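A.B. asks:
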Amino acid sequence: MAFHETTEKLTPHSGAKGKPRRRLAAAVLAVSLAMAPLAVAPAANAATETPGTGTILKLALTGDIDSLNPFKAILASSTSILGLEYQSLVAYGPKNNEEIPGMADKWETSPDGKVWTFHMPKDRKWSDGEPITAKDAEWTFKAIQTNDALKQANGGLLESVASVQATDDETLILTLNEPQAPNPGTQLPIMPAHIWSKVPDPATFTNEKDSVGSGPFVISNYDKTSGVTLKANPNYWQGKAKIAGITYVPYKNTDAAVQALKTGEIDIVSSLTPAQYNALKNVDGITTNAGAGRRYQAIGINPGTQTHDGTPMGDGNPALHDLKVRQAIVMAIDNKTLLEKVMQGLGQPATGEVPAAYPLYHWDTKDLPLKYNVTAANALLDEAGYAKGSDGIRVDKQGAPLKLRLMGRNTDPTHQQMADYIKPWLKEIGIDVSTVMKSSAQVNDDSTVGNFDLYFTGWGMGPDPDFQLSINTCASRPNADGTGATSENNFCDPAYDAIYKAQHVELDQTKRSALVSQAQEMIHKSAVNDVMYYANSLEAYRSDKFAPFTTQPELGGVITSQNGPWSFYYATPMADVSSTNATSGGFNAAFVVVPLVIVLLAGGGFVLYRRRRTTSDERE
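All residue numbers for the sequence shown refer to numbering that gives the first Met the number 0, where the first residue is 0 and numbers rise by one.
So this is what it looks like as structure tokens:
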């Protein structure tokens with residue numbers, strides 16, 4: 000997962016307000032069938048051999064790589080790379096995050112919504128030439144279901160899957176415990192069974208050299224010094240990319256990466272600070288892009304970290320177990336000022352976890368329950384019995400000064416900038432704060448096992464919020480060593496779990512959207528995650544070397560951190576700008592056919608079934 004775009008105008012796929020989408024008129028189906036084929040596989044890319052075939056696209060890598068094992072990777076820098084190599088059964092398209100064929104070219108669901116059938120084309124191949132079959136998907140699902148060590152990245156996606164079976168090489172049948180709103184084929188990366196089934200312990204497999212994948216690029220090599228190199232996959236089902244490969248070049252910070260962009264050492268830099276972005280606007284040969292973000296920026300507050308079985312762990316301050324203390328902290332932080340001063344207004348004010356870029360599930364409220372109010376925050380702490388000492392710092396219930404640690408990433412300059420504002424704000428309500436900046440990997444490790452009080456965090460997501468909501472359930476708490484499931488901030492509330500469950504199975508779009516907003520409001524009121532703003536994705540590229548990149552969504556979207564490989568797959572060197580595709584950013588709509596998903600009814604009838612969406616999460 001990653002972050003981006005302008006507002007995606009998703010509309011409920013229902014015939015009439017408040018009615019389930021399965022009740023669409025037969026006439027609609029007839030028209031749809033007449034106008035579009037049923038998920039016909041796109042034709043191969045027409046321009047596979049061009050003068051720019053030998054071009055390597057170079058990107059700045061300023062974050063840590065936690066793992067290149069798809070079963071384990073959580074950090075955004077890792078998952079964005081893996082998204083170029085491994086496909087899901089169903090993909091998200093470049094135009095507007097629409098569902099399109101991925102490894103499967105079409106799919107069907109039973110009348111009761113419990114059985115999903117995915118059809119795999121028989122002509123698809125892995126990068127090493129071996130055939131892609133339904134048995135690869137079966138192995139991937141079962142590997143996660145039967146091995147807790149493989150659940151870290153995507154285990155939550157399979158909670159509703161009762162069974163999975165490849166009835167033949169071209170047919171995969173997923174049987175669910177109950178109907179669910181998200182399409183179960185959109186998020187899980189499918190692995191080559193002929194490679195991974197031979198690995199003694201898939202959980203420890205590094206996957207860092209000569210890997211085998213199904214996407215447009217595959218990992219050739221990785222080391223911390225030279226970075227990650229990928230080569231174009233000659234067997235990618237839409238045709239080989241126009242570039243020969245991609246190199247992610249490591250830099251200590253974005254300042255160093257920006258300098259490398261200016262000298263032409265690299266071609267793209269993302270995660271720019273507002274100052275860097277503005278400074279690059281008028282540089283010859285460089286074009287900037289600010290896509291409306293699908294990531295939120297937040298402060299995680301440790302409510303008392305526990306393992307999946309409820310055993311306390313970590314070294315969080317016990318005072319944060321008190322809901323009123325956490326709520327006072329949220330009310331003392333001026334998110335509007337952080338957006339204006341730190342981000343220079345390059346973003347949108349935040350409410351809950353789902354960014355405004357996804358209006359169908361965004362919690363659209365103008366009156367946050369825990370809005371900025373220093374007076375109310377102080378009153379809440381007074382009421383809770385945390386008296387101020389002579390130095391203005393409050394004391395906890397044991398009589399010790401109320402001191403908290405704020406942790407951030409040393410690769411992101413905005414973290415220190417925000418900390419410089421937050422420290423005096425919290426002092427206004429009598430809380431002393433010390434700050435420490437660590438590597439991304441260390442922040443991830445410490446936050447997972449509860450070794451923090453406060454920390455800067457952020458997640459990116461895809462069009463469906465289900466996964467993001469799932470990592471706030473009690474079942475998502477990890478093992479004592481940090482393995483197992485992944486939790487956002489170790490939140491656990493049975494009442495929240497019930498709301499999550501309800502939205503997960505709700506097929507009426509209006510009702511589901513309301514439940515998703517309710518879930519976000521509950522997280523907000525619990526004060527475990529203060530969502531501060533939705534930052535625009537600030538990036539820049541060498542426009543003297545590459546034609547305009549495909550953005551996702553098409554209007555106002557992002558180049559990097561997409562829900563798919565499109566910007567890099569369609570990347571066109573300037574040597575090829577004479578082609579029609581190059582002048583339009585490389586995207587050819589003829590290559591993407593939006594599938595019709597049909598439901599077979601008893602008696603031979605059928606109706607158009609709604610398109611469902613899932614998520615893509617990426618942890619900062």
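Backbone N, C-alpha and C define an ideal beta-carbon position, used for all residues, glycine too.
Owing to the predicted nature of the structure, the values given are computational and were not obtained by experimental measurement.
State the Cα-Cα distance for the pair Met460 and Pro547, rounded to the nearest angstrom.
C.D. replies: Each residue's Cα considered, the two are about 24 Å apart.
A.B. asks: Does the beta-carbon distance from Phe70 to Ala192 come in below 8 Å?
C.D. replies: It is not a contact, given that the beta carbons lie outside the stated cut-off.
A.B. asks: Using the three-state DSSP reduction, which class does Ala59 fall into: helix, strand or coil?
C.D. replies: DSSP places Ala59 in strand when its eight states are reduced to three.
A.B. asks: Using the three-state DSSP reduction, which class does Ala574 fall into: helix, strand or coil?
C.D. replies: DSSP places Ala574 in helix when its eight states are reduced to three.
A.B. asks: If we count the other Cβ atoms within 10 Å of its Cβ and call it buried at 16 or more, is Val257 buried or exposed?
C.D. replies: It is buried - the Cβ of Val257 has at least 16 other Cβ atoms within 10 Å.
A.B. asks: Taking all protein chains shown into account, decide if Leu308 is buried (16 or more other Cβ within 10 angstroms of its Cβ) or exposed.
C.D. replies: The question names Leu, yet the displayed sequence has Asp at residue 308. Looking at its Cβ environment, which holds fewer than 16 other Cβ atoms inside 10 Å, Asp308 is exposed.
A.B. asks: Any heavy atom of the ligand PLP inside 7 Å of the beta-carbon of Ala399?
C.D. replies: Summarising the ligand content, the structure contains no ligands, and the ligand PLP is consequently not present.
A.B. asks: With distance defined between alpha-carbon atoms, name the residue in Thr374, Asn377, Gln441, Ala386 nearest to Gly407.
C.D. replies: Considering only alpha carbons, the answer is Gln441.
A.B. asks: DSSP on Arg408, reduced to helix/strand/coil?
C.D. replies: Of the three classes helix, strand and coil, the one that applies to Arg408 here is strand, per DSSP.
A.B. asks: If you measure between the beta carbons of Leu157 and Gln144, is that distance less than 8 Å?
C.D. replies: Going by C-beta atoms, Leu157 is nearer than 8 Å to Gln144.
A.B. asks: Give, in chain order, every unbroken run of the beta strand (DSSP E) that is at least 3 residues long and sits entirely within the stretch 52 to 109.
C.D. replies: For the stretch 52 to 109, whole beta strand (DSSP E) runs of length 3 or above, ordered along the chain, are 55 to 60, 89 to 91, 98 to 100, 105 to 108.
A.B. asks: In the DSSP output, what is His118 paired with across the bridge?
C.D. replies: Beta-bridge pairing links His118 to Lys105, Thr170.
A.B. asks: Taking the straight line between their C-alpha atoms, what separation do you get for Val515 and Gly290?
C.D. replies: Going from the Cα of Val515 to the Cα of Gly290 covers about 24 Å.
A.B. asks: Looking only at its own chain, which residues have a Cβ that is under 6 Å from the Cβ of Met190, when we skip the five neighbours before and after it?
C.D. replies: The residues are Thr139.
A.B. asks: What does the alpha-carbon distance come out to for the pair Val198 and Lys365?
C.D. replies: The straight-line gap from Cα to Cα measures roughly 52 Å.
A.B. asks: May I have the straight-line CA-CA distance separating Thr549 from Val248, to the nearest angstrom?
C.D. replies: Taking the straight line from one Cα to the other gives about 22 Å.
A.B. asks: In three-state DSSP terms, what is Ala133?
C.D. replies: Ala133 falls in the helix class under three-state DSSP.
A.B. asks: Output needed for Pro178: all residues of its chain with C-beta closer than 7 Å, excluding positions within five of it in sequence on either side, in chain order.
C.D. replies: Asp111, Gly112, Lys113, Val504, Leu506, listed in sequence order.
A.B. asks: Measure the C-alpha to C-alpha separation of Leu60 and Gln397 and round it to an integer number of angstroms.
C.D. replies: Leu60 and Gln397: Cα-Cα distance of roughly 45 Å.
A.B. asks: Return helix, strand or coil for Tyr201, following the three-state DSSP convention.
C.D. replies: A small fix is needed here, since residue 201 is Pro in this sequence, not Tyr. In the structure shown, Pro201 sits in a helix (DSSP, three-state: H, G or I).
A.B. asks: List the endpoints of the continuous beta strand (DSSP E) containing Met531.
C.D. replies: 528 to 534 is the extent of the beta strand (DSSP E) around Met531.
A.B. asks: Using CA atoms only, rank isn't needed, just tell me which of Pro464, Asp465, Cys491 is closest to Lys477.
C.D. replies: In the sequence as displayed, the identity of residue 477 is Pro instead of Lys. Among Pro464, Asp465, Cys491, the Cα nearest to that of Pro477 belongs to Cys491.
A.B. asks: How long is the line joining the alpha carbons of Gln416 and Gly346, rounded to whole angstroms?
C.D. replies: Using only the alpha carbons, I get a separation of about 16 Å.
A.B. asks: When you compare each of Ala497, Ser560, Thr571, Asn206 to Asp543 by their alpha carbons, which one comes out closest?
C.D. replies: When only C-alpha atoms are compared, the closest one is Thr571.
A.B. asks: On a Cα-Cα basis, can you pick out the residue from Asn252, Asp283, Gly263 that is closest to Ser270?
C.D. replies: Here the closest residue by C-alpha is Asn252.
A.B. asks: My output table needs one value for Trp195: the three-state DSSP class, helix, strand or coil.
C.D. replies: Three-state result, Trp195: helix.
A.B. asks: Check the DSSP bridge columns for Tyr247 and list the partner residues they point to.
C.D. replies: Leu58, Val227, per the DSSP bridge assignment.
A.B. asks: For Ser31, name the three-state secondary structure that DSSP assigns.
C.D. replies: Legend: pLDDT at Ser31 = 32, less than 50; position of this residue unreliable, value from coordinates given subsequently. Three-state DSSP puts Ser31 in a helix.
A.B. asks: Under three-state DSSP, which class holds Gln275?
C.D. replies: The answer is helix: DSSP assigns Gln275 an H, G or I state.
A.B. asks: Look up Ala474 in the DSSP assignment and give the residues it is bridged to.
C.D. replies: Per DSSP, none; premise fails for Ala474.
A.B. asks: Pop quiz: Thr185 and Ala133 are said to be a contact at Cβ under 8 Å. What is the actual Cβ separation, rounded to whole angstroms?
C.D. replies: In fact, because the Cβ distance is near 17 Å, the residues do not count as touching under 8 Å.
A.B. asks: Check the C-beta distance from Gln86 over to Ser210 and give it rounded, since I have them as a contact under 8 Å.
C.D. replies: With a Cβ gap of about 14 Å, Gln86 and Ser210 do not count as contacting.
A.B. asks: For the alpha helix (DSSP H) holding Asp465, just list the boundary residues, first then last.
C.D. replies: Unbroken alpha helix (DSSP H) run through Asp465: 465 to 469.
A.B. asks: In the DSSP assignment, the beta strand (DSSP E) including Thr626 goes from what residue to what residue?
C.D. replies: In the structure as shown, the chain begins at 0 and stops at 619. Residue 626 is therefore absent and cannot be evaluated.
A.B. asks: Express the C-alpha separation of Pro462 and Tyr568 in angstroms, rounding to a whole number.
C.D. replies: One C-alpha to the other measures close to 21 Å.
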